[in-house]
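Everything below concerns the one structure shown next.
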Amino acid sequence: MAGLPIDEMRAAPPPASPIVEATLALLHQAVRRKLAAHVAQGGAGFDDFVFAAPGSAEDCAISHADVAAVEAALLASGHRFDWSAAISLAERPEAYKGGTGGADAVVFEHPGAITGAPDAQGRTPCGQGDNVVRHEADITGTARYIRSNERVLAWLAEGVPPGTIAIIDDSGGTLTAPILEQFAGVLCAGGTVRSHLGILSREYGIPCFMNSKLSGIADGDTVCMEASAPPRTTEDYQSGMERTGRVWKLAGEA
Amino acid sequence: METRDLALHGLAIKRHAGPAAVAELTGLDAEQAAGELARAVATGRAVEARGAFTLTPLARVALQASYERLCAALRADAGFAAAYHGFERINPELKQVITDWQTIDLHGERRANDHTDQAWDDKVIDRLSALHERAEAVLAGLARALPRMAIYGRKLEAALDRAEGGAIEWVSDIHRDSYHTVWFELHEDLLRLMGRERVE
């Protein structure tokens, strides 16, 4: 990977502000990749990279799209910007502190979720997942999407509310790792029963569905996981056999 | 890596840990690690909760975006890359072994393993031993290119020794440096160094 002149200029302390350090690291990464591409295409090095004529074939300048990617990476981390004029918040509530439509409010709507009308007990089917191990009983709890850092950091400090069924995106579980053992249950949209998260939740004895397909569960809904369903096995994955535990939303308790 | 980068990298792998654990993993001395973590909290790069530290989101982003610079030489090292690919080849098997350790076939059905079937457990630990033998060359290759990697080989061997000696909690228990705990941390370390994403 091509180096930048600034890479050798490390005597200065890191930027005081975390947002500046993150932004610069992302921008430098983008420039470094463009320089590497420039050299790979026969460019001599940093000097002709920097001084290429704008718009020429050699021009690898940072573009609007690159900066948009930097911002997207910052937002994807859960960061929200401070605003100085309320118009910012009004125009892009998803990007600023205090905005609506926070990450935890985005509801999974997986096409593969098996849904239907409420059954005799008033339970509405709202999806299914691969059970990592069979438990004696099904469990009921409060569905909480775990996407924002504020939520994770708050629960890290104060403890997770009892009866929380965590709905999470990734099987690496980077965000949730420190509080995983406090969940009553886990619905993970990715992975398989052999994923790291599957291994951890078996070890903790926490009911967990991997590869979950969910629909219509809002943050705060009372849901039931069919933790007593048979687990999906290695052979099931190899043969493509579907074997899932069901998820219901309970009536009247949203 | 410089001290600050290494301390933040260690904390990213441990996820929620104190200075002693970060020091052990990274090879920093305990005082250095404690100083870096305290500085990280003071500058908004980490938060402390319940006596342990975790990186803030922006600190994670900055670190993630810095690996290309921090690890340029390592990524260009053919020996290290070969050892890394060797690790990735063994990794799916390790996950299968741990899954078979945690569950058991009972009356034609997979149930949680309550570890009352000695024969089943022995067989899984034998598989773990065989896997470790193959992993040794990989671990040696990693440590040749990056000396601090040697800690993983030592901890994996210690966990395996204890498990083979009958202390079965050293296979996958989360609250100790069990075989799976150390393996997972090694994987996390390697993914970061090599700029890869976890597949599942």
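Chains as they are written, first to last, in the working numbering: chain Z, 8 to 261; chain U, 27 to 226.
Every residue gets a Cβ at the ideal spot worked out from N, C-alpha and C, and that includes glycine.
Problem - F210 of chain U: contacting residues in chain Z (beta-carbon distance under 9 Å) - result: H203, I206, L207
Exercise for the section: Please confirm if D147 of chain U has its CB atom under 8 Å from at least one CB of chain Z. Expected result: no
Problem - DSSP three-state assignment for K256 of chain Z, whether helix, strand or coil - result: Strand.
Handout entry: Cβ-Cβ distance between K256 of chain Z and G119 of chain Z below 8 Å
Key = no
Exercise for the section: Look at R151 of chain Z and D226 of chain Z and say whether their C-beta atoms are less than 8 Å apart. Expected result: yes
Exercise for the section: Kindly indicate if chain Z contains any beta-carbon less than 8 Å away from that of Q122 of chain U. Expected result: yes
Handout entry: A173 of chain Z - containing beta strand (DSSP E), residue span
Key = 171-175
Handout entry: Closer than 8 Å to chain U by CB, D137 of chain Z
Key = no
Practice task
Would you check if the distance between the CB atom of Q135 of chain Z and the CB atom of T251 of chain Z is smaller than 8 Å?
Solution key: yes
Practice task
Quick one: grab the DSSP three-state call for V114 of chain Z.
Solution key: coil
Practice task
Answer yes or no: does any C-beta atom of chain Z fall closer than 8 Å to that of E190 of chain U?
Solution key: Not closer than 8 Å to any Cβ of chain Z, the Cβ of E190 of chain U fails to qualify, so no.
Handout entry: Secondary structure of I124 of chain U, DSSP reduced to three states
Key = It is helical.
Exercise for the section: Report yes if the C-beta distance between W127 of chain U and V197 of chain U is below 8 Å; otherwise report no. Expected result: yes
Exercise for the section: My understanding is that L207 of chain Z touches L187 of chain Z, with C-beta atoms under 8 Å, so please give their C-beta distance in whole angstroms. Expected result: 6 Å
Exercise for the section: Would you mind telling me which residues of chain U sit closer than 7 Å to G85 of chain Z, beta carbon to beta carbon, in chain order? Expected result: P83
Problem - Three-way DSSP call (helix, strand, coil) for E135 of chain U in this model - result: strand
Practice task
Tell me, please, whether the CB atom of Q58 of chain U is closer than 8 Å to any CB atom in chain A?
Solution key: Annotation note: the requested chain A is absent from the structure, which comprises protein chains Z and U.
Handout entry: CB contact check: G10 of chain Z to chain U, cutoff 8 Å
Key = yes
Handout entry: Spatial distance of E260 of chain Z from N117 of chain U (CA atoms)
Key = Any answer about E260 of chain Z is weak, because its pLDDT of 47 lies below 50 and its placement is not dependable; what the coordinates show is given next. Distance between the alpha carbons of E260 of chain Z and N117 of chain U is about 43 Å.
Practice task
Determine the chain Z residues that contact V87 of chain U at a beta-carbon separation under 8 Å, and present them in chain order.
Solution key: A29, A32, L33, A80, L81, S84, H86
Problem - Buried or exposed by the 16-neighbour rule on C-beta atoms within 10 Å, applied to P168 of chain Z - result: exposed
Exercise for the section: Establish whether the CB of S92 of chain U and some CB of chain Z are separated by less than 8 Å. Expected result: yes
Handout entry: Length of the line joining the Cα atoms of G85 of chain Z and I153 of chain Z
Key = 11 Å
Handout entry: Distance, P237 of chain Z Cα to L132 of chain U Cα
Key = Each residue's alpha carbon lies about 12 Å from the other.
Practice task
Give the interface partners of Q128 of chain U over in chain Z, defined as CB-CB distance under 8 Å, in chain order.
Solution key: V140, I206, R209, E210
Handout entry: Proximal residues to V73 of chain U (C-beta, below 8 Å), its chain only, five neighbours per side dropped
Key = V67, F79, T80, T82
Problem - Residues that A68 of chain U contacts on chain Z, provided the C-beta gap is smaller than 9 Å - result: Per Cβ cutoff of 9 Å: no residues; A68 of chain U is ~11 Å from chain Z at best.
Practice task
Check whether the Cβ atoms of E190 of chain U and I151 of chain U sit closer than 8 Å, and answer yes or no.
Solution key: yes
Problem - Inter-residue Cα distance where the pair is M175 of chain U and D55 of chain U - result: 16 Å
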